[in-house]
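Take a look at the structure below.
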Amino acid sequence: MELKTNTFKKAISAGHKQVGVWNSLCSNIASDALASSGYDWALLDMEHSPNDFRTVLSQLQAYENGSTSAIVRPVWNDPVIVKSLLDMGAQSLLFPMVQNADEARKAVAATRYPPDGMRGVSASQRGNRYGRVKDYLRKAHEEICVLVQIETLEAVGNIPEIAAVDGVDGIFFGPADLAADMGIMGQLASEELWATIAKGVEAGTAAGVPAGTLVGTSQKALEVLGGGMTYVACSSDLNLMVGAADAQLAAIRSELS
2 MELKTNTFKK AISAGHKQVG VWNSLCSNIA SDALASSGYD WALLDMEHSP NDFRTVLSQL
62 QAYENGSTSA IVRPVWNDPV IVKSLLDMGA QSLLFPMVQN ADEARKAVAA TRYPPDGMRG
122 VSASQRGNRY GRVKDYLRKA HEEICVLVQI ETLEAVGNIP EIAAVDGVDG IFFGPADLAA
182 DMGIMGQLAS EELWATIAKG VEAGTAAGVP AGTLVGTSQK ALEVLGGGMT YVACSSDLNL
242 MVGAADAQLA AIRSELS
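Our numbering puts the first residue of the sequence shown at 2, with every later residue one more than the last.
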């Protein structure tokens, strides 16, 4: 059996724009429903959602038969957590709060087997199709995508060094935490915030590393994709549900009143 191709990694390395959605509901049914929508990628969030290994596994399975690439954000840049996620079949990981090149190297090392890293070896797990991918130990890293999250001004300033780390496939801007670090917490429409992000995108582009982010509207997604970003999540399953529910109920109550 052949190692599964990471279509997301291949696409962003070629500069192809990728539209994604955030998964915060921790639901394999929600993921199964979204898998038929045609998003290029979906983020399974462990940092700010109550996902655990079992719920992440069920969502990876839900996306397996569609064209949407699943990316997992672990709760932290922890090699023990990463080991389990890779063994259960995750091929793309978004590491939160990466501040410098050393932390980026730690993230990459967690995804590589010795001597290039520190990933523990399991002979039979979902990642290698339970032992059926015979050259998995030698080739697994080729299809693993490492994305590092830029969430502070310190990290923005260190983008050239972070992007130069071998094995970093993309940078990802966290607007909410970056705004907080800039002293404008909650002001996600701030021109200052997006000007800072734009400079970071330029630094990443100059280093040959694609950039991405999470926004809340289709209009903003188009704006940042046109401004140099390669992969953008345009909403979340949670916000899509809440927005549609609130709008429908408001429309009905308006007519009744």
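We put the beta carbon where it would ideally sit given N, CA and C, even for glycine. All of these numbers come straight from a predicted model, not from anything done at the bench.
In terms of residues, what are the limits of the alpha helix (DSSP H) holding Val243?
In this chain, the alpha helix (DSSP H) harbouring Val243 covers Asp238 to Leu257.
Given Asn240 as reference, the closest of Gly217, Ala222 and Val169 once Cα atoms are compared:
Among Gly217, Ala222 and Val169, the Cα nearest to that of Asn240 belongs to Gly217.
Just to confirm, is the Cβ distance from Ala124 to Gly132 under 8 Å?
A contact, by the Cβ cut-off of 8 Å.
According to DSSP, is Asn52 helix, strand or coil?
DSSP places Asn52 in coil when its eight states are reduced to three.
Please classify Thr6 as buried or exposed, where buried requires at least 16 neighbouring CB atoms within 10 angstroms.
Note on Thr6: under 16 other CB atoms within 10 angstroms of its CB, so exposed under the neighbour-count rule.
With C-beta atoms as the reference, is Ser93 less than 8 Å away from Leu148?
It is a contact, given that the beta carbons lie within the stated cut-off.
I'd like to check one pair, Leu226 with Thr197: are the Cβ atoms closer than 8 Å?
For the 8 Å CB-CB criterion, Thr197 and Leu226 do not form a contact.
Any idea which residues DSSP pairs Ile72 with across the strands?
Leu44 and Ser93, per the DSSP bridge assignment.
Go to Trp23, then tell me how far its beta strand (DSSP E) extends in each direction, as first and last residue.
Per DSSP, Trp23 belongs to the beta strand (DSSP E) from Gln19 to Asn24.
C-alpha distance - Glu65 paired with Thr153, whole-angstrom precision:
Glu65 and Thr153: Cα-Cα distance of roughly 34 Å.
I'd like the span of the alpha helix (DSSP H) that includes Thr112, first residue to last.
Neither: Thr112 is in no alpha helix (DSSP H) and is coded neither H nor E.
Apply the 10 Å Cβ neighbour rule to Phe54 and answer buried if 16 or more other Cβ atoms are within range, or exposed otherwise.
By the neighbour-count definition (other C-beta atoms within 10 Å, threshold 16), Phe54 is an exposed residue.
Pick out whichever of Gly67, Asp88, Thr231 and Ser28 has its Cα sitting closest to the Cα of Gln126.
The residue among Gly67, Asp88, Thr231 and Ser28 with its C-alpha nearest the C-alpha of Gln126 is Asp88.
Is it right to say Asp257 is buried, meaning 16 or more other beta carbons lie within 10 angstroms of its own, or is it exposed?
It is Leu, not Asp, that sits at residue 257 in the sequence shown. Burial call: exposed.
Along the chain, where does the beta strand (DSSP E) that runs through Gly171 open and close?
Annotation: the continuous beta strand (DSSP E) that includes Gly171 extends over Gly171 to Phe174.
So the candidates are Ser68, Ile160, Pro176 and Phe96; which of them puts its Cα closest to the Cα of Lys221?
Comparing Cα positions, the closest option is Pro176.
For Gly187, three-class secondary structure by DSSP
Looking at Gly187 - three-state DSSP - the assignment turns out to be coil, as it is neither helix nor strand.
Would Glu104 and Asn78 be called neighbours here (beta carbons separated by less than 8 Å)?
Yes. Within cutoff.
For the alpha helix (DSSP H) holding Gly158, just list the boundary residues, first then last.
Gly158 -> alpha helix (DSSP H) spans Leu154 to Gly158.
Less than 8 Å between the CB atoms is what I'm expecting for Ile151 and Ile160, so what's the real figure, rounded?
The Cβ separation is near 7 Å, so the contact holds.
Beta-carbon proximity of Phe96 to Pro115, cut-off 8 Å:
Not a contact, by the Cβ cut-off of 8 Å.
Taking the C-alpha atoms as reference points, what is the distance between Val202 and Ala165?
Distance between the alpha carbons of Val202 and Ala165 is about 14 Å.
Since Cys146 sits in a beta bridge, which residues does DSSP pair it with?
BP columns for Cys146 point to Ser93.
What's the call for Met2, buried or exposed, on a 16-neighbour Cβ count within 10 Å?
So Met2 ends up on the exposed side.
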